[in-house]
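Trainee:
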Amino acid sequence: MASTEEPQFSLFKDALAKRLVAGPDASAETDDLDDFTSYLAAEVWSTLPANVREATYEGRDKVPAADEVYLDSTPTSFADTLTSCGIVGDDEDAVVLLQKVLEEYITEASAPPPVWSKTRTTECEICEREVPLTYHHLIPRETHAKMLKKKWHPEYMLNSVAWLCRPCHSAVHHVASNEELARTLYTVELLLKRDDIQKWRKYAAKQRFGVKRG
Numbered sequence: 315m316a317s318t319e320e321p322q323f324s325l326f327k328d329a330l331a332k333r334l335v336a337g338p339d340a341s342a343e344t345d346d347l348d349d350f351t352s353y354l355a356a357e358v359w360s361t362l363p364a365n366v367r368e369a370t371y372e373g374r375d376k377v378p379a380a381d382e383v384y385l386d387s388t389p390t391s392f393a394d395t396l397t398s399c400g401i402v403g404d405d406e407d408a409v410v411l412l413q414k415v416l417e418e419y420i421t422e423a424s425a426p427p428p429v430w431s432k433t434r435t436t437e438c439e440i441c442e443r444e445v446p447l448t449y450h451h452l453i454p455r456e457t458h459a460k461m462l463k464k465k466w467h468p469e470y471m472l473n474s475v476a477w478l479c480r481p482c483h484s485a486v487h488h489v490a491s492n493e494e495l496a497r498t499l500y501t502v503e504l505l506l507k508r509d510d511i512q513k514w515r516k517y518a519a520k521q522r523f524g525v526k527r528g
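Heads up: take any position in the sequence shown, counting from 1, add 314, and you land on our numbering.
1. Between GLU439, ALA369, GLN413 and HIS458, which has its C-alpha nearest GLU530's C-alpha?
2. So does the region 371-383 actually touch the region 415-424, counting three or more Cβ pairs closer than 8 Å?
3. I think THR436 touches GLU444, with their Cβ atoms under 8 Å apart; what is that distance to the nearest whole Å?
4. If you draw a straight line from the alpha carbon of LEU396 to that of PRO321, how long is it in whole angstroms?
5. Helix, strand or coil for ARG367, going by three-state DSSP, please let me know.
6. Name the residue from ASP375, LYS376, LEU472 and ASP405 whose alpha carbon lies nearest to the alpha carbon of PRO389.
7. What do you get for TYR500, buried or exposed, if any count of 16 or more other CB atoms within 10 angstroms of its CB means buried?
8. Quick one: residues in its chain with C-beta nearer than 8 Å to the C-beta of LEU504, no 5 flanking neighbours on either side, listed in chain order?
9. For the alpha helix (DSSP H) that ALA519 lies in, which residues bound it at each end?
10. Quick check on DSSP: helix, strand or coil for ARG443?
11. What residue range is occupied by the uninterrupted alpha helix (DSSP H) comprising VAL489?
12. Run through the DSSP bridge pairs and tell me what TYR449 is partnered with.
13. Assign VAL410 to one of two classes, buried (16 or more other C-beta atoms within 10 Å of its C-beta) or exposed (fewer than that).
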């Protein structure tokens, strides 16, 4: 069964949300938009070809153009819902909207990785204070050879970094070994899901050194 937990699904859902916010219900609450988009995206996702759902930069040569994707298996509930909400006029309009969503999704999913040195922020990515920053290798260097051998992640992620203040940088290395960081905590988002990092974040954000955002 196609998973809605994959990053590709999130990209697809975001592409759909961008189309919906311009519709007649653009003033709807954020939670309502999230629920509505999640429902519609999930309805369509499992009917898309595997090479579309698994689109990546490395596999971009196997991904078809949006107008080449077979959409006859799209559930009628997708068009019916959009039509009943006044977002599109009829089934054909729903297909056109879906093709535009697919075009943006495929572009995003197949995009080259960022140049990590250009991702630098002015605030720590954990405590959000404007303080001097260090860069934390999200996949520690000493694990690179093992990562490649075990194929934990794509090679382009080797040099991915997070920009952290020194106290937060130290806290990250305190809560997990280098191998655990490399295998399961290789993004800021994953780090922030840990309770201990959240507790540290709240503590660090209140410290006087620097200016907290907002």
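For each residue, glycine too, the CB sits at the ideal point set by N, CA and C.
Mentor: In short, the structure shows the following:
1. Residue 530 lies beyond the stretch modelled for the chain, which goes from 315 to 528, so this question has no answer here.
2. Touching, per the Cβ criterion.
3. Between THR436 and GLU444 a beta carbon distance of about 6 Å is seen, short of the 8 Å cut, so the two are scored as contacting.
4. Taking the Cα positions, LEU396 is about 24 Å away from PRO321.
5. Note: ARG367 maps to helix in three-state DSSP.
6. The alpha carbon of PRO389 has as its nearest neighbour, out of ASP375, LYS376, LEU472 and ASP405, the alpha carbon of ASP405.
7. With 16 or more Cβ atoms within 10 Å of its Cβ, TYR500 is classed as buried.
8. THR498, listed in sequence order.
9. 509-519 is the span of the alpha helix (DSSP H), which, as asked, contains ALA519.
10. It is a strand residue.
11. For VAL489, the enclosing alpha helix (DSSP H) begins and ends at 480-489.
12. Beta-bridge pairing by DSSP links TYR449 to TRP477.
13. With fewer than 16 other Cβ atoms within 10 Å, it is exposed.
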